[in-house]
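Notes to accompany the following structure.
Chains as they are written, first to last, in our numbering: chain A, 175 to 376; chain B, 175 to 376.
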């Protein structure tokens, strides 16, 4: 399984980025995160970001191209950190624990991640061509499939991974918590029950 | 569990509907189904429907209110037939079979239904306030929960039903078949494996 960056070069920035440009970028991203924390991702516009960061609107557009580009850059920073944890981090989320324990940890961490970054993930999904073709979603699905195979699941692990991943859709998790008022812990518990039954089932 | 009509009165029409009005309505719905069969639900507009049925555009709007209203009326006819089958029809989909057999049949029939009416279901979902609050979706979810309880599932059957229902989302099934090229039979097989493991699991 290889690492899929969400946007080419979006993690490190251009190789020869000048230090004032890098500071400018960091300041814009910091201001964007502040605005999201205060008003939610839906309220983050290029105008408001320029105003908050004290730069011209043209600077914001030159840096990120579009609002969708800004969202993807913000998301790719947090997605990359999450990917690094489940692919290379300590167990039980990372390698070293049995497949089922890693699956259980994956769902629990994913629920926590969506509670923190969900608005952003939702905004990025709605700007993608299809919510099933977001690179990060495809990567989780392959991760889940890999863990199912490791646990000896021989009944079409690809389709089972697709179904399990569908239950972690950010939009669905946010609706369950914000609209239906379900506790995130209850979602994580139900995921644990689901994957345990799928892996250990008859 | 009670029957939830998708639109009040949409199945039988107004009680005292005059017979020429009823014929007019049936002709419009027939023409709408023809257009969908030929060009897909996305191509069904009020203008094209009026033209096909040989009536004025005003007649179409007076009858259905809006394009979303037309979609819901079309869908409610086919949803009502599906609901009637899983609630009152013969086993294994209807009452009389064990819970697990009914669950397996439900997924298989649902996949087949989405292949036939999926464009309509997708159009109706996107015009609803939220795709989790479409009455039909809430009804299936309660049906799945009921069958899980009948099978003795005591680990949060409500949340398990929500997760299982998420895997049957029309948008997801259509993407799997049309974009990813997966056979509908493979989706139904994977559903059978999933619910069997969930019901019989450790």
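All residues carry an ideal CB built from backbone N, CA and C; glycine is no exception.
Just measuring C-alpha positions, the residue of 213/B, 239/B and 321/B sitting nearest residue 271/B is 321/B.
Within its own chain, the residues whose Cβ lies closer than 8 Å to the Cβ of residue 332/B, once the five positions on either side in sequence are excluded, are 319, listed in chain order. Selection 311/B, 240/B and 324/B evaluated against residue 374/B yields 324/B as nearest (Cα-Cα). For residue 376/B, the closest Cβ of chain A is nearer than 8 Å. The beta carbons of residue 372/A and residue 368/B sit closer together than 8 Å. Look at residue 216/B: its C-beta is not under 8 Å from any C-beta on chain A.
Nearest to residue 249/B by alpha-carbon distance, out of 366/B, 296/B, 201/B and 359/B, is 296/B. Residue range 309-324 is occupied by the alpha helix (DSSP H) that includes residue 309/B.
Straight across, the Cα-Cα distance linking residue 330/A with residue 336/A is about 10 Å.
Contact between residue 314/A and residue 341/A is absent: CB atoms are separated by about 12 Å, not below the 8 Å threshold. Excluding sequence positions up to five before and after residue 370/B, its CB lies within less than 8 Å of the CB of 274 and 278, all in the same chain and listed in chain order. Where residue 355/A is concerned, there is no enclosing alpha helix (DSSP H), because DSSP gives it neither an H nor an E. When DSSP states are grouped into helix, strand and coil, residue 264/B belongs to the coil group. Legend: CB atoms of the region 346-357 of chain B lying less than 9 Å from CB atoms of chain A belong to residues 346, 349, 350, 353, 354 and 356.
Counting along the chain, the unbroken alpha helix (DSSP H) around residue 224/B starts and ends at 220-227.
The beta-bridge partner set that DSSP reports for residue 331/B is empty. Residue 363/B belongs to the set of residues whose beta carbon lies under 8 Å from a beta carbon in chain A. In this structure, DSSP gives residue 344/B a helical state, which the three-state scheme calls helix.
Per the coordinates, the alpha-carbon of residue 229/B lies some 13 Å from the alpha-carbon of residue 206/B.
Judged by their CB atoms, residue 222/B and residue 209/B are nearer to each other than the 8 Å cut-off. The beta carbon of residue 371/B falls within 8 Å of a beta carbon belonging to chain A, placing the residue at that interface. The alpha-carbon separation between residue 195/B and residue 233/B amounts to approximately 11 Å. If the five residues before and after residue 348/A are omitted, its C-beta is found closer than 6 Å to the C-beta atoms of 292, all from its own chain and listed in chain order.
Beta-carbon to beta-carbon, residue 219/A and residue 241/A are separated by about 7 Å, close enough to satisfy the 8 Å threshold. Contact annotation: in the region 268-285 of chain B, no residue has its CB less than 8 Å from a CB in chain A. Taking a contact as a CB-CB distance under 8 Å, the pair residue 262/B and residue 287/B does not count as one, their CB atoms being some 16 Å apart.
Per the DSSP secondary-structure output, residue 271/A pairs in a beta bridge with 269/A.
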